[in-house]
Amino acid sequence: MKMKVTGLAIAVALSAAGSVAWAAAAKDEPIQPLVAPKVTNPGKVELGKKLFFDTRLSKSGFISCNSCHNLSMGGTDNLKTSIGDHWQKGPINAPTVLNSSLAVAQFWDGRAADLKAQAGGPIANPGEMAFTHELAIDVLQSIPGYVAEFKAVFGSSRVDIDKVTSAIAAFEETLVTPDSPFDKWLTGDEKALNAREVAGYKLFKESGCVACHNGPAVGGTSFQKMGVVEPYKSTSPAGGRSDFTGKDEDRFNFKVPTLRNVELTYPYFHDGEAATLEQAVDVMGRLQLGRKYSEDEIGKIVAFLKTLTGDQPLFTIPLLPPSSNSTPRPTPFD
Ligand code: HEC
Ligand code: HEC
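For the working numbering, count along the sequence shown from 1 and bump the result up by 1184.
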């Protein structure tokens, strides 16, 4: 009898522990795990992927979204500022497209409300792909393979910019990077991080980095001043959110960048002036929090930041349908 009761007590204790683990799927932390997106319209995603890689959406026939948001390199170009049409020096660092669907708005100053609104910009930007929407549509409409695919996805053979940006956005929404070591740790796998990485996370949290870098994307949730305690010195002309709102109080406010995959997305800051993660963490500590970290503390935070690298989007390079005789030809040197 006695044995039976003890056995029962153990069983109850186990199931209670079990139910706690289930109820709290993730630890109660200011950063939440990334969840892989559910693809509801695979045809649209596939079309968007092709457009993302298609250099024929640029005047030169040489630049695609992937030129500056290289998906083999964390969705960035790893340059201080991008190179656009005619080798033009871009004005600002290219943020990653990975997990950008999770941000409150797009661009450093948030001037595009969402991915669809953003996607039309670069095609017609003279400093980027330097095309016009009309010419881009003429190109796509002249390619039978594309026309068939637009018809299959949207039910109409008429290609327009609204469909183009909507397909690109559908593809970008799939560019989420779950299952990083940190996410595994958040959801209960204690061995996913070593002691130094956990110490780095504690320091990141306790010193106040999470006030701005929080949520599933570890950023992207707000616009914040660059240089809270100490001003940031930069030769870049970018004024931050005030460039878009015209309001003085928004001056030098930038969208807080996501720190997901930050190991891959060097160089850092809107002007790309921090070459390494160590430099970026040192600047953040001093300028945002008034705290000068030791080399060892910086090393710990960097070790933690590297645990935010998740599963990169894996897919076969899309095969693009060939141009037809009537497709307008690129003019790279005009
Ligand atoms: C010549 C380089 C270049 C090309 C080509 C380019 N981009 Fe960008 N992209 C940038 C830069 C630079 C920014 C940041 C601009 C800013 O914030 O003012 C950016 C910003 C973005 C953002 C916002 C990310 C964020 O976190 O705010 C998204 C999304 C994006 N681009 C997607 C695209 C898509 C889709 C295409 C193709 C249609 C494309 N880009 C083509 C350089 C480029
Ligand atoms: C007051 C809000 C705030 C706090 C606190 C803060 N950050 Fe930032 N962080 C930002 C903003 C805004 C940027 C973008 C600044 C820019 O590019 O000019 C940024 C950029 C970064 C970047 C570069 C990311 C990239 O892709 O360019 C890293 C790394 C970073 N922060 C880490 C940290 C760490 C580590 C801490 C704590 C020591 C911290 N941040 C504290 C707001 C904050």
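Think of the CB as a built atom: it goes at the ideal place given N, C-alpha and C, for glycine as much as any other residue.
Buried/exposed call for residue 1270, threshold 16 Cβ in 10 Å: By the neighbour-count rule (16 or more Cβ atoms within 10 Å), residue 1270 is not buried but exposed.
Would you kindly work out how many angstroms separate the C-alpha atoms of residue 1328 and residue 1512, rounded to a whole number? 14 Å
Let me know the secondary structure DSSP gives residue 1472 once reduced to three states. Looking at residue 1472 - three-state DSSP - the assignment turns out to be helix.
CB-CB under 6 Å to residue 1406, same chain, minus the five flanking residues each way: which ones, in chain order? 1440
Considering only the alpha carbon of each residue, which of 1277, 1436 and 1254 lies closest to residue 1265? 1277
Mind checking residue 1425: buried by the 16 CB within 10 Å criterion, or exposed? Under this definition residue 1425 is a buried residue.
Taking the straight line between their C-alpha atoms, what separation do you get for residue 1417 and residue 1459? 15 Å
Helix, strand or coil for residue 1496? Go by DSSP, reduced to three states. Here residue 1496 carries a coil assignment [DSSP, helix/strand/coil].
Determine, using beta carbons only, whether residue 1457 and residue 1489 come nearer to each other than 9 Å. no
Short check: CB of residue 1363 to CB of residue 1494, under 9 Å? yes
Less than 8 Å between C-beta atoms, sequence neighbours within five positions excluded: which residues of the same chain meet that for residue 1390? Same-chain partners within the cutoff: there are none.
Taking 8 Å as the cut-off, is the C-beta of residue 1262 nearer than that to any heavy atom in ligand 1? no
Skipping 5 residues on each side, what residues in its chain have a beta carbon closer than 8 Å to that of residue 1470? 1413, 1414 and 1476
Over the uninterrupted alpha helix (DSSP H) stretch that includes residue 1408, give me the two end residues. Segment 1407 to 1409 is the beta strand (DSSP E) holding residue 1408; no alpha helix (DSSP H) there.
Relative to the C-alpha of residue 1379, which candidate in 1487, 1209 and 1360 has its C-alpha closest? 1487
I want to know whether the segment 1333 to 1341 touches the segment 1213 to 1231 - three or more CB-CB distances under 8 Å. yes
What do you reckon, are the CB atoms on residue 1444 and residue 1283 nearer than 9 Å? Less than 9 Å divides the Cβ of residue 1444 from the Cβ of residue 1283.
Tell me whether residue 1515 is buried or exposed, calling it buried when 16 or more other Cβ atoms sit within 10 Å of its Cβ. exposed
Could you say which of 1241, 1432 and 1484 lies nearest to residue 1318 if we only look at CA atoms? 1241
Quick one: does the C-beta of residue 1271 sit closer than 8 Å to a heavy atom of ligand 1? no
Residue 1348 beta carbon less than 9 Å from that of residue 1507: no
In or out: residue 1500 buried (at least 16 other Cβ within 10 Å) or exposed? exposed
For the segment 1365 to 1409, list the alpha helix (DSSP H) runs that are entirely contained and at least 4 residues long, ordered along the chain. Taking only runs of at least 4 residues, the alpha helix (DSSP H) segments lying wholly in the segment 1365 to 1409 are 1365 to 1370 and 1379 to 1390.
Using 10 angstroms around the beta-carbon of residue 1431, count the other beta-carbons present and answer buried if the total reaches 16, otherwise exposed. So residue 1431 ends up on the exposed side.
Can you tell me whether residue 1519 is buried or exposed, with buried defined as 16 or more other CB within 10 angstroms of its CB? Here the chain comprises residues numbered 1185 to 1518, so residue 1519 is not present and cannot be evaluated.
Taking the C-alpha atoms as reference points, what is the distance between residue 1377 and residue 1370? If you take the alpha carbons of residue 1377 and residue 1370, they lie about 10 Å apart.
Which first and last residues belong to the beta strand (DSSP E) in which residue 1438 is found? Per DSSP, residue 1438 belongs to the beta strand (DSSP E) from 1437 to 1439.
Measure the C-alpha to C-alpha separation of residue 1356 and residue 1281 and round it to an integer number of angstroms. 7 Å
Does the beta-carbon of residue 1340 have 16 or more other beta-carbons within 10 angstroms, so that it is buried, or is it exposed? exposed
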